[in-house]
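Numbering-wise, my numbering comes out as the position in the sequence shown, counting from 1, plus 41.
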Amino acid sequence: MDFTGSEYAESIKTELKREIGKLLEKKLNKEVDFEKPTIMAVIDTSFDIVKLQIKSLFIYGRYKKFKRDIPQTKWFCRICRGKGCRKCDYTGKMYKTSVEELIAKKTLENTKGSGESFHGCGREDIDARMLGNGRPFILEIHDPKIRNLDLSKLEREINTYGKDKIEVTDLHFSNRDEIARIKEAIFIPEVFSIILNSIVMSPNKIAPSEDGIDFLKFPPSLYMYPIFGCIICITGFIVSIVENC
């Protein structure tokens with residue numbers, strides 16, 4: 042049987058990878074992962090140049106936003122597109138900070154990364170807060186020099202830096218596949234607003250329901266519940282508490 046044909050030959054690329062991998066394992070005392078490497082060396086044999094491609098680091102978490110007028114991501118100035126002008130007071134941004142920047146600052150300091158990308162599960166309005174158990178996000182760190190992080194410590198640092206503005210919880214390492222999952226997830230927030238003006242209701246507008254809760258007779262899309270001297274008004278996903286009833 043002839044084993045000299047190209048069918049049984051190993052390509053130069055494969056041989057180089059295998060031999061260089063063996064050398065690195067001895068030198069670094071690390072096991073080489075050819076399938077999903079965190080660092081990949083790209084060798085240009087024409088010019089004897091080696092470039093390192095560092096795999097991004099992904100950190101999953103949930104954030105709460107306690108103050109209004111803070112966008113989720115960086116919002117560059119519409120006039121200068123981030124270059125800086127009078128309109129943005131030469132900051133290049135429409136708003137001083139964002140949820141992304143408040144979370145990314147300490148993360149970049151700890152990882153020594155070259156940059157970041159913020160991936161959120163939907164977004165809230167700028168003038169809205171984000172409470173409850175928080176909104177899921179994944180922070181992608183580009184070219185991280187440090188990958189082994191104490192995420193509990195990082196969580197404390199982020200929360201100290203963003204005190205009274207944001208808070209992060211449930212930090213853990215993630216991957217690119219999870220970005221697609223949170224992007225496809227349906228996230229329906231509960232929006233609560235309080236109306237302080239008085240409303241006088243006529244008794245003939247109250248209709249008893251089957252479950253014992255009295256509804257006020259309003260248009261089909263609008264229902265009101267009289268509870269504890271107030272009226273809970275539900276319109277779609279908007280819930281308003283009407284006081285002084």
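We put the beta carbon where it would ideally sit given N, CA and C, even for glycine.
Compare the beta carbon distance of residue 199 and residue 111 with 9 Å and say whether it is the shorter of the two.
-> With a cutoff of 9 Å on beta-carbon distance, residue 199 and residue 111 are scored as not near each other.
Count the other CB atoms, across all protein chains shown, that sit within 10 Å of the CB of residue 244; report buried if there are 16 or more and exposed otherwise.
-> For residue 244, the pLDDT reaches just 48, beneath the cut-off of 50, and the residue's location in the model is therefore unreliable, leaving the point undetermined.
Sorted by chain position, which residues of the same chain lie with C-beta nearer than 8 Å to residue 148's C-beta, five sequence neighbours on each side aside?
-> For residue 148, the CB contacts under 8 Å within the same chain, skipping 5 residues up- and downstream, are 100, 154, 157, 180, 182, 195 and 199 in chain order.
Run through DSSP, which three-state label would residue 151 get?
-> Correct three-state label for residue 151: helix.
Grab the span of the beta strand (DSSP E) containing residue 101 for me, first residue to last.
-> Segment 98 to 106, the beta strand (DSSP E) holding residue 101.
Looking at the structure shown, is residue 218 part of a helix, part of a strand, or coil, going by DSSP?
-> Under the three-state reduction of DSSP, residue 218 is assigned to helix.
Say whether the stretch 75 to 85 touches the stretch 129 to 136, bearing in mind that this needs 3 or more beta-carbon pairs closer than 8 Å, one atom from each stretch.
-> Flag = no, the stretch 75 to 85 and the stretch 129 to 136 do not touch.
Sequence-distant residues of the same chain with beta carbon closer than 7 Å to residue 215, five excluded per side = Spatial neighbours of residue 215 in its own chain (CB-CB distance under 7 Å, excluding positions within 5 residues in sequence) are listed in chain order as 99, 100, 101 and 179.
Just how far apart, CA to CA, sit residue 151 and residue 50?
-> So the alpha carbons of these two residues sit roughly 46 Å apart.
Output yes or no for whether 9 Å exceeds the beta carbon distance between residue 185 and residue 223.
-> Going by beta carbons, residue 185 and residue 223 fall outside the 9 Å limit.
Is residue 190 helix, strand or coil by DSSP?
-> Shown here, residue 190 sits in coil according to DSSP, grouped into three states, outside any helix or strand.
Can you tell me which of the three DSSP states residue 200 falls into?
-> DSSP places residue 200 in helix when its eight states are reduced to three.
DSSP state of residue 92 mapped onto helix, strand, coil = Correct three-state label for residue 92: strand.
What three-state label does DSSP hand residue 210 in the structure shown?
-> Strand at residue 210.
Would you identify the three-state DSSP class for residue 165, choosing helix, strand or coil?
-> Here residue 165 sits in coil by DSSP.
Taking C-alpha atoms, which residue in 204, 219, 212 and 218 lies nearest to residue 106?
-> In terms of CA proximity to residue 106, 204 leads the group 204, 219, 212 and 218.
Between the CA atoms of residue 57 and residue 76 - distance to the nearest angstrom = Whole-angstrom Cα-Cα distance: 15 Å.
If you draw a straight line from the C-alpha of residue 65 to the C-alpha of residue 114, how long is it?
-> Taking the straight line joining both Cα atoms gives about 40 Å.
Distance, residue 212 Cα to residue 193 Cα | Those two C-alpha atoms are separated by around 8 Å.
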